[in-house]
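Student:
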Amino acid sequence: MNTAIASNIENQSPIILVERVTKSYTRGGERILVLDELSIEIKGGSFIALMGPSGSGKTTLLNLIAGIDRPDSGRILVGDSNISALSESQLTSWRARSVGFIFQFYNLFPVLTALENVALPLSLLPMKSSERKERAAFALEVVGLGDRVDHYPRQLSGGQEQRVAIARAIVTDPAMIVADEPTGDLDRTSATEVLSLLQRLNKEYGKTIIMVTHDLVAAEFAGHIVQLDKGKLITK
Amino acid sequence: MLDLFRLIYRNALRHPVRSALTTIGVTVALLAFCFIHTVIGAWMSGVERSAKNRMVVRNAVSLIFYLPLSYYDAVLSTPGVEKAGYGNWFGGLFRNERVRFQQFAVNDAYLDVYPELAISPEMREKFRNNRQAALVGREVADKYNIKLGERIQIQGTIFPGLWEFDVVGIFPGRDQQTDTRTMFFRWDYLNERNRIEIQRQPDHIGFFAVQIAAGAEPAVISKAIDDKFANSPFETLTETETAFVQGFISMSSTIITVLVFVSYVVIAIMLLVLTNTMLMSSQERLREYAVLKSLGFSSSRIWALLCGEALVISVSGFFMLCLILAVVFSLPPRTVFGSLVDFFPVFAVKPWTVVASAFASLVVGAAAGGIPAFRIARLKVTEVLRRVE
């Protein structure tokens with residue numbers, strides 16, 4: 041299990057290639073351009089912080105890379121997959137295998153225990169129940185919550201909930217983790233714990249992490265900071 | 016898969032009061048469905064119980080018109096006719112004109128045509144020997160506390176006057192399906208008083224009951240009997256007992272059609288109630304379904320989650336129904352259904368009705384989950400996450 045999670049370490053080839061991607065939304069009959077022919081290359085095993093003012097397109101870019109949204113034009117390559125060309129069902133199954141999600145508000149299922157929440161993505165993969173439990177328990181160990189397996193989300197602090205969400209994100213051993221404002225709802229101490237954990241996952245387990253944040257302190261935990269403004273890349 | 020079942024089960028119990036109320040709603044709807052179909056089944060039970068080898072000969076114009084007794088020999092001698100008897104509907108009122116049960120004035124041979132009535136040779140002997148003898152069905156005797164040997168009085172309506180009978184036998188049915196809500200007395204007693212006091216077509220009978228020989232063709236016998244009396248003042252209509260009973264039921268076919276329609280309306284209401292619950296639940300959990308889609312759950316899995324949850328509720332409703340039916344039918348029918356049992360001698364839920372209820376609960380569960388699932392499948396994950404966060 042430990043080896044599996046660490047499988048992408050030392051891989052410095054570009055695993056994410058965003059090429060001339062344009063994305064717009066229509067609101068109230070008006071077309072709003074969110075990303076304007078944006079291109080970016082993210083190497084495997086890197087930890088990127090996407091920053092920028094509200095409406096700059098950072099969450100949209102994250103969603104496109106994670107395969108939960110589609111570009112109007114351009115293409116996105118993740119590893120060998122051109123995810124912008126995949127069908128909806130292919131994309132769904134690709135996400136199950138390749139992407140770990142961390143949300144600002146944790147988005148845990150209140151009716152499931154920490155262990156069950158973490159094991160949930162594993163129900164999409166062909167494996168025995170005992171193996172699922174084992175892997176989920178290990179993921180909780182990794183995030184330092186080995187003693188909270190039977191706790192429900194309401195019995196955990198915000199920081200602990202986010203760590204459970206991180207365990208859920210890594211349990212399928214995805215090459216890439218996307219995090220949208222993962223510390224936005226946490227106090228400074230809990231935020232530091234969570235960011236340190238992400239840093240550890242990146243350094244020790246070689247996970248490629250793309251994190252959207254407004255917080256400069258949080259961004260400093262990442263290896264690279266990418267600034268966006270009005271749908272264009274400012275720095276990389 | 017086990018994790019999904021767990022999630023389905025726990026989601027279903029997330030709002031216990033709402034789920035309980037919806038389950039009760041489903042149970043009530045299924046109960047109404049079962050009750051309506053049981054009433055229809057009881058209504059139709061006469062058709063099911065009717066003997067295939069029995070025919071009824073009546074006046075071709077209407078059942079209210081009589082036939083001459085002199086037809087009896089001609090009916091009996093028709094090829095294929097094995098046994099025949101005759102009778103008149105009496106329609107009297109028992110005990111101060113408050114109680115009505117069916118009474119027939121019949122000849123002795125009539126009782127041979129109905130072997131499902133367990134009338135012993137001793138009872139028959141007493142029936143033959145006493146002009147005022149009456150044979151009372153077990154259900155009538157039990158209900159009105161009529162004892163063997165008792166002299167009872169019945170107020171005639173079609174044949175006015177106070178009629179006295181000696182109860183010489185209380186007969187049970189051959190099986191539970193046999194209707195024993197009848198009293199038989201001697202036709203010659205009726206005819207004698209009719210001839211002297213009332214003069215309502217004496218020496219005429221209401222109908223002949225005919226038992227046909229094994230292998231005989233009812234249509235051929237029917238034609239043979241009716242042809243004998245064609246162009247006479249009293250033409251006959253001979254039909255199988257099934258057709259005869261169906262003729263009665265067809266008078267109320269519109270009511271039955273309305274009842275069937277209402278039963279399906281009840282199921283439709285059940286679908287709306289459950290769909291409403293599922294729509295409320297799914298709306299509250301929109302973000303969770305968006306997260307599931309992000310994690311790689313396909314639309315079909317989300318459909319399974321929602322349908323599973325709706326099925327937990329609808330199938331729980333079905334199990335509650337089974338429990339209620341088991342309790343209700345373990346009690347004496349009169350305790351639960353009161354005077355309804357007087358109208359329907361066979362009032363039991365048929366296996367078909369239970370199977371149809373189970374099927375309805377499955378279909379409603381699947382449909383009620385399918386509607387919100389279809390809605391969620393069309394939602395964009397990014398829009399949902401943006402909206403709720």
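Sequences listed follow chains A and B, in order. Just so it is clear: in the first sequence, position 126 is 166 by this note's numbering, and no numbers are missing. Just so it is clear: in the second sequence, position 117 is 132 by this note's numbering, and no numbers are missing. From the three backbone atoms N, C-alpha and C, an ideal C-beta is built for every residue, glycine too. No experiment lies behind these values; they were computed from the predicted model shown.
Please list the partners that Asp109(A) has in chain B, where partner means a Cβ-to-Cβ separation under 7 Å.
Tutor: The contacting residues are Thr397.
Student: Just by C-beta distance, which residues in the region 115 to 141 of chain A are closer than 7 Å to chain B?
Tutor: Those would be Ser129, Thr132, Ser133, Arg135, Ala136 and Phe141, in chain order.
Student: According to the Cβ coordinates, are Thr253(B) and Met59(B) closer than 7 Å?
Tutor: In this structure, Met59(B) does not lie closer than 7 Å to Thr253(B) by Cβ.
Student: Flag Asp296(B) as yes if its beta-carbon sits less than 7 Å from any beta-carbon of chain A, otherwise no.
Tutor: Inspection of the sequence shows that residue 296(B) is occupied by Ser rather than by Asp. Chain A, which has no Cβ nearer than 7 Å to the Cβ of Ser296(B), makes this no.
Student: List the whole-angstrom C-beta distance separating Ala148(B) from Arg201(B), where the pair is believed to meet the contact cut-off of C-beta under 8 Å.
Tutor: With a Cβ gap of about 6 Å, Ala148(B) and Arg201(B) count as contacting.
Student: What does Glu154(B) reach in chain A if we use C-beta pairs closer than 7 Å?
Tutor: Those do not exist, as Glu154(B) stays about 55 Å from chain A at its closest Cβ, beyond 7 Å.
Student: Is DSSP giving His52(B) helix, strand or coil here?
Tutor: His52(B): helix per DSSP, three-state reduction.
Student: Using a Cβ-Cβ cutoff of less than 6 Å, which residues in the same chain neighbour Thr212(A) once the five nearest sequence positions on both sides are dropped?
Tutor: Cβ neighbours of Thr212(A) beyond the five flanking positions: Pro161.
Student: Going along chain B in order, which residues have a C-beta closer than 8 Å to the C-beta of Phe261(A)?
Tutor: None at all; the shortest Cβ gap to chain B is about 22 Å.
Student: Any C-beta of chain A sitting closer than 7 Å to the C-beta of Arg25(B)?
Tutor: Yes, Arg25(B) counts as interfacial toward chain A.
Student: Of the residues that make up the region 144 to 156 of chain A, which ones have a beta carbon closer than 7 Å to any beta carbon in chain B?
Tutor: So the list reads Gln144, Phe145, Asn147, Phe149, Val151, Leu152 and Glu156, given in the order they occur along the chain.
Student: Run through chain B and tell me which residues come within less than 9 Å of Pro161(A), C-beta to C-beta.
Tutor: Within 9 Å Cβ-Cβ: Leu310, Gly311 and Phe312.
Student: Give the straight-line distance between the Cα atoms of Asp194(B) and Phe48(B), rounded to the nearest whole angstrom.
Tutor: Their Cα atoms are separated by approximately 25 Å.
Student: For a test of your reading of the model: does the CB of Pro366(B) fall under 6 Å from any non-hydrogen atom of the ligand NAD? Yes or no.
Tutor: Among the components modelled here there is no ligand, and therefore nothing to report on the ligand NAD.
Student: Beta-carbon within less than 8 Å of Leu237(A)'s beta-carbon, same chain only, minus the 5 sequence neighbours each way: which residues are those?
Tutor: So the qualifying residues of the chain are Val183, Gly184, Arg203 and Ile206.
Student: Determine, for Leu164(A), whether the minimum Cβ-Cβ distance to residues of chain B falls below 7 Å.
Tutor: It does: the Cβ of Leu164(A) has a partner Cβ on chain B nearer than 7 Å.
Student: How about Gly323(B) and Ile79(B): do their beta carbons lie closer than 7 Å?
Tutor: Their beta carbons are not under 7 Å apart, which means Gly323(B) does not touch Ile79(B) by this criterion.
Student: Measuring only between beta-carbons, confirm whether Val306(B) sits less than 7 Å from chain A.
Tutor: Chain A, which has a Cβ nearer than 7 Å to the Cβ of Val306(B), makes this yes.
Student: Going by DSSP, name the residue or residues bridged to Gln117(B).
Tutor: Beta-bridge pairing links Gln117(B) to Thr197(B).
Student: Indicate whether at least one CB of chain A lies closer than 7 Å to the CB of Arg29(B).
Tutor: By this cut-off, Arg29(B) is an interface position.
Student: Just to confirm the assignment: which complete alpha helix (DSSP H) runs, minimum length 4, are found wholly within the region 312 to 400 of chain B?
Tutor: Correct list: 314 to 343, 348 to 352, 355 to 358 and 366 to 393.
Student: Assign Tyr69(B) to one of three DSSP states: helix, strand, or coil.
Tutor: It is Arg, not Tyr, that sits at residue 69(B) in the sequence shown. It is a strand residue.
Student: If you follow the alpha helix (DSSP H) that Ser169(A) is in, where does it begin and where does it stop?
Tutor: That run of the alpha helix (DSSP H) goes Ser169 to Val182.
Student: Could you spell out where the beta strand (DSSP E) holding Met251(A) opens and where it closes?
Tutor: That run of the beta strand (DSSP E) goes Thr248 to Val252.
Student: Output the distance between the C-alpha atoms of Glu398(B) and Val370(B), rounded to the nearest integer angstrom.
Tutor: If you take the alpha carbons of Glu398(B) and Val370(B), they lie about 43 Å apart.
Student: Check whether the region 248 to 261 of chain A touches the region 218 to 232 of chain A, counting contact only when three or more Cβ pairs, one atom from each stretch, lie closer than 8 Å.
Tutor: Yes, the region 248 to 261 of chain A touches the region 218 to 232 of chain A.
Student: Using a Cβ cut-off of 7 Å (strictly closer), state whether Asn242(A) contacts chain B.
Tutor: By this cut-off, Asn242(A) is not an interface position.
Student: Going by CA-CA distance only, name the one from Gly106(B), Ile391(B) and Asp88(B) that's closest to Leu244(B).
Tutor: Checking the displayed sequence, the identity of residue 244(B) turns out to be Phe instead of Leu. Closest option to Phe244(B), Cα to Cα, is Asp88(B).
Student: With a cut-off of 8 Å on the beta carbons, I'd call Leu84(B) and Ile220(B) a contact; round off their distance for me.
Tutor: With 8 Å as the limit, Leu84(B) and Ile220(B) qualify as a contact, their Cβ atoms being about 5 Å apart.
Student: Buried or exposed: which applies to Phe344(B), given that a residue is buried once 16 or more other Cβ atoms fall within 10 Å of its Cβ?
Tutor: Exposed is the call here.
Student: Alpha carbon to alpha carbon, how far is Ala229(B) from Ile236(B)?
Tutor: Going from the Cα of Ala229(B) to the Cα of Ile236(B) covers about 12 Å.
Student: Indicate whether the contact test is met: 3 or more Cβ pairs, each with one atom in the region 111 to 123 of chain A and one in the region 296 to 304 of chain B, closer than 8 Å.
Tutor: Touching, no, given that fewer than three Cβ pairs across the two stretches are closer than 8 Å.
Student: For the region 91 to 111 of chain A against the region 258 to 269 of chain B, do three or more pairs of beta-carbon atoms, one drawn from each stretch, fall closer than 8 Å, so that the two count as touching?
Tutor: Segments in contact, no.
Student: Where in the region 70 to 103 of chain A do unbroken runs of the beta strand (DSSP E), each at least 3 residues long, occur, reported from the N-terminal end onward?
Tutor: Runs of the beta strand (DSSP E) inside the region 70 to 103 of chain A: 70 to 83 and 87 to 91.
Student: Are there three or more Cβ pairs, one per stretch, closer than 8 Å when the region 55 to 63 of chain A is compared with the region 97 to 109 of chain A?
Tutor: Cβ pair count under 8 Å is three or more, so yes.
Student: Taking buried to mean at least 16 other C-beta atoms within 10 Å of its own C-beta, is Glu421(B) buried or exposed?
Tutor: A question about residue 421(B) goes unanswered here, because the residues of chain B that appear run from 16 up to 404.
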